[in-house]
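Reviewing the structure listed below.
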Amino acid sequence: MLVENANSKLNAGGKQMAYKVETELRKIGAQVKVQVREHTFLADEPLSLKGTDAGPNPVEYLLSALGGCLSITAADINSRHPEIGLEKFETEIKGRVRRFSDKTSKLDQISIKFNVVSQLDEKQQHAFIKSVIKYCTVHASLDKEIKINYLDGDKQ
1 MLVENANSKL NAGGKQMAYK VETELRKIGA QVKVQVREHT FLADEPLSLK
51 GTDAGPNPVE YLLSALGGCL SITAADINSR HPEIGLEKFE TEIKGRVRRF
101 SDKTSKLDQI SIKFNVVSQL DEKQQHAFIK SVIKYCTVHA SLDKEIKINY
151 LDGDKQ
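Sequential numbering of the sequence shown, starting at 1, is according to full-length UniProt numbering.
What follows is the structure, encoded as structure tokens:
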């Protein structure tokens, strides 16, 4: 039996969560109205793709979701392990879309650059970032065929 949660639906055992997003194609360029709980926002395409550039496009939202999830996961781990002393956790995420001859397309590569400042030494910080990646729901949900590169912001 599912029990309503403010942010999602969670079963009584705490093992499943279900999220609900509603979308509506607007009659303005490529605009899509998105409703998530009490939050309303637009997805759109840039002018070059027949949109009105009123908001990020869906791929940019996907990459944003990944960055947001990684950051929230880092904050959660830090809250349970204050010795980490997380002062800064930033990501720069780039995605490459591959277009196929049948006119379909998909993300085939994502690069994530981390800029992390903490009380950890280099080895511990690397382990912390690996834990963040491991426990990030959005990251775990991405297609395994997408190559994901991880870059340390200090080592380019």
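Ideal placement from N, C-alpha and C gives every residue a C-beta, glycine not left out. Just so it is clear, the structure is predicted and the values come from calculations on it, not from any experiment.
Sequence-distant residues of its chain with Cβ nearer than 7 Å to residue i (five each side left out)
i	result
Glu87	Val117 and Ser118
Ala74	Leu86, Phe89 and Val132
Residues bridged to residue i [DSSP beta-bridge criterion]
i	result
Gln35	Glu22 and Thr40
Asp152	Phe114
Alpha helix (DSSP H) segment containing residue i, residue limits
i	result
Glu60	Pro58 to Arg80
Sequence-distant residues of the same chain with beta carbon closer than 8 Å to residue i, five excluded per side
i	result
Ala54	Ile28, Gly29, Gln31, Leu42 and Asp44
Gln125	Val116 and Ser118
Within 7 Å, strictly: CB atoms of residue i and residue j
i	j	result
Ile146	Ile110	yes
Thr91	Gly68	no
Val34	Thr23	yes
Asn78	Ile84	yes
residue 170	Lys123	With the chain represented from 1 up to 156, any question about residue 170 goes unanswered, as that position is not in the structure.
Val21	Val36	yes
Cys136	Leu70	yes
Same chain only: Cβ atoms within 6 Å of residue i, ignoring 5 sequence neighbours per side
i	result
Lys103	none
Val105	In the sequence as displayed, the identity of residue 105 is Ser instead of Val. Counting only Cβ-Cβ distances below 6 Å, and skipping sequence neighbours, we find Val97 and Arg99.
Exercise. Considering only residues of the segment 84 to 149, which uninterrupted beta strand (DSSP E) runs meet the minimum length of 3 residues and lie entirely inside it, listed in chain order?
Worked result: DSSP runs (the beta strand (DSSP E)) wholly in the segment 84 to 149: 88 to 99 and 105 to 117.
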